[in-house]
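For reference, the structure discussed in these notes is given below.
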Amino acid sequence: MKPSRLLLIWLAILLAIGIVLGTLQALDVEVPSSLLSINWGLLLALFALSLLDALRLKRLPSPRVHRQMPGSLALGRWSEIRLEVEHDFDQPLAMQIFDHVPDGLSFENLPLDIELQPGQRSQIGYRLRPLKRGHFTFDTCELNLPSPLGLWSGKRLLNLTDHTRVYPDFARLYGGQLLAVDNWLSQLGVRQRQRRGQGMEFHQLREFREGDSLRQIDWKATARHRTPIAREYEDERDQQIIFMLDCGRSMRSQDGELSHFDHALNACLLLSHVALRQGDAVGLSTFASDQPRFIAPAKGAGQLKVLLNGVYDLESTQRPADYPAAVNQVLARQKRRALVVIVTNVQDDDDEELLIAVRHLNHRHRVLVVCLREKAIEDVRLSPIQTIEQALSYCTTVDYLNARIEFHDKVKVGGVSVLDLYAHELEANLLTRYLNLKRTGAF
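If you read the sequence shown in the numbering used here, its first letter stands for residue 76, the second for the next number, and so on.
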């Protein structure tokens, strides 16, 4: 409980009057004794009223608050939380509400000022933006309740427990449901090759059209119908994709607000969404994490929810990446040939381990290695050189980048695909490579 502005103003006024009267008496200025009596009487009355008002405030029942919040939030996306408030008083009530938001969530528009009307429910809201993934619990809602005479403000802490999960940025995934797949992918920057009926799996026979290849003509059907008939193909379905996601220390670099790990996780889920809509099965395996996880490949829209629930609380660790162990886990659990996408940020001391692991994996599966680049290194390469220290940093950076290119060339031997990208380029380029591999029947 704390004094309100009204009580402090009255105290200041009466104390100022008392100081003035006392100063006049000290200067031997005649002051009517009645003024002093009135001033002291007002002080005593204010003290009595404030004491009575404080007792009445303590006896007031707390308003009832109900928090309306979604069961899941998307990382980095703003969402609105609604608070529904009502009371049993006969008079309108103006008060302040502050919802205790857990660490890891940023907010706007708190505290909230609201005026409650008798017999009515009022709603008010604030904005919430998750800064990290995981499970969050809201325990407390704080009310600043005014006393009946407005001389005090009482803090009430209500036990109001709600839970929510923060997932990777899945809001962008479901945005694709509103558009045709091709248009949606084009908006994301995915480059698609135009083709007509030239996939890998037979779909149907139809009349020959302008632009079709002569190799598509089915001569037996043409002879029967006495008109050119073409075979139409579609991209092969029922293929399998497994993401091998590095959760180690090399993925903790920041690119904007998100770490490389969060960028990689968002890209994997986005590609999973597209692949599932294409009829493929998608799975995921993590390594260098505190609790390695393996989600077996499966088809259908429900698999995206399985993936989201399986990775929403994953965090990068300080562990080094153990590529041979991660590959052995995938080989032991995945018998059918699949496209294995390894998302990592390989360091100098991991080059040989990754090279050996990829060659071992490539004997059974189609492998795509995605290496994330650090923007800070590129900034050093492009920055002007004015001192010896800057020159040494530039030479070291160039040597590192050249060694990285040389390592990627070694990895590509044997048909392994490599993408070397900045984190913000990952989504569109990964989707482009997947669609190209699928059309060419490379896995």
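Don't be surprised by glycine CBs; every beta carbon is placed ideally from N, CA and C.
Please report the residue range of the beta strand (DSSP E) in which residue i lies.
i	result
I460	Careful: I460 lies outside any beta strand (DSSP E) and carries neither H nor E.
E217	209-221
N234	227-242
V488	That residue, V488, is in no beta strand (DSSP E); it is neither H nor E in DSSP.
T523	Beyond the ends of the chain as shown, which are 76 and 518, falls residue 523; an answer cannot be given.
H141	139-143
Q536	Beyond the ends of the chain as shown, which are 76 and 518, falls residue 536; an answer cannot be given.
P303	P303 -> no beta strand (DSSP E), and no H or E assigned at all.
R369	Note that residue 369 corresponds to Phe in the displayed sequence, not to Arg. Start and end: 369-373.
D188	187-191
Suppose you measure from the CA of residue i to the CA of residue j; what does that come to, to the nearest Å?
i	j	result
D426	L346	26 angstroms
A401	F211	30 angstroms
F362	P372	17 angstroms
G200	S334	30 angstroms
D214	L235	5 angstroms
C216	L83	27 angstroms
L232	P221	14 angstroms
L118	L132	21 angstroms
E500	F164	58 angstroms
Q393	S325	8 angstroms
P193	V160	11 angstroms
A466	I460	6 angstroms
P107	L81	28 angstroms
L447	H483	12 angstroms
D365	V421	19 angstroms
L68	S79	A question about residue 68 goes unanswered here, because the residues of the chain that appear run from 76 up to 518.
G251	I370	Because G251 sits at a pLDDT of 49, beneath the cut-off of 50, its placement in the model cannot be relied upon, and the following sentence gives the value as read from the coordinates. Cα to Cα, the separation comes out at about 24 angstroms.
L86	G93	10 angstroms
R271	R508	Annotation note: pLDDT 43 at R271 (below 50); position unreliable, no value reported.
S492	V442	6 angstroms
G146	I317	28 angstroms
E311	E481	Note on E311: pLDDT 48, under 50, position unreliable in the model; no value is reported.
G323	R434	21 angstroms
R284	D474	54 angstroms
D237	G375	31 angstroms
R268	S288	Unreliable positioning characterises R268 in this predicted model, as indicated by a pLDDT of 46, which lies under 50. A coordinate reading is not provided.
H438	E464	46 angstroms
K230	D188	14 angstroms
L130	L224	11 angstroms
L457	G151	30 angstroms
A149	E282	47 angstroms
V357	E183	38 angstroms
P136	Y387	40 angstroms
R290	I304	11 angstroms
V486	N504	19 angstroms
R208	P138	33 angstroms
Q353	L414	14 angstroms
L494	V445	5 angstroms
Hey, quick one: how far does the alpha helix (DSSP H) through residue i stretch, first residue to last?
i	result
E155	Here E155 belongs to no alpha helix (DSSP H); instead the beta strand (DSSP E) covers 154-161.
G151	G151 -> no alpha helix (DSSP H), and no H or E assigned at all.
A87	80-101
G116	108-134
D337	335-352
A296	294-300
On the DSSP bridge list, what partners appear for residue i?
i	result
Y475	Note: Y475 sits in no beta bridge, so no partner.
L203	S154, F182
M319	S360, I417
Y497	R448
D330	L333
R281	A305
S147	R240
Q198	E159
Could one say the Cβ of residue i lies closer than 9 angstroms to chain C's Cβ atoms, at least one of them?
i	result
P186	Going by chain labels, chain C is absent from the structure shown, which holds only one protein chain.
query = Taking one C-beta from the segment 287-300 and one from the segment 169-176 each time, how about it: are there three or more such pairs within less than 8 angstroms?
reply = In the pairwise beta carbon analysis, the segment 287-300 is classified as not touching the segment 169-176: fewer than three pairs are separated by under 8 angstroms.
message = Report the start-end ranges of each alpha helix (DSSP H) in the segment 377-414 that is 4 residues or longer and not cut off at the edges.
response = 377-386, 398-408
query = Which ranges would you report for the alpha helix (DSSP H) in the segment 426-462 if only whole runs of at least 4 residues count?
reply = 426-437, 450-457
key: Three or more C-beta pairs below 8 angstroms linking the segment 408-415 and the segment 380-389   = With a cut-off of 8 angstroms on Cβ pairs, the segment 408-415 is not in contact with the segment 380-389, counting fewer than three such pairs.
task = Evaluate the contact criterion for the segment 119-127 versus the segment 179-189: three or more CB pairs, one atom per stretch, below 8 angstroms.
result = no
message = So, does the segment 133-144 touch the segment 110-117, judging by three or more C-beta pairs under 8 angstroms?
response = no
query = Is the segment 501-517 close to the segment 469-481, with three or more CB pairs under 8 angstroms?
reply = no
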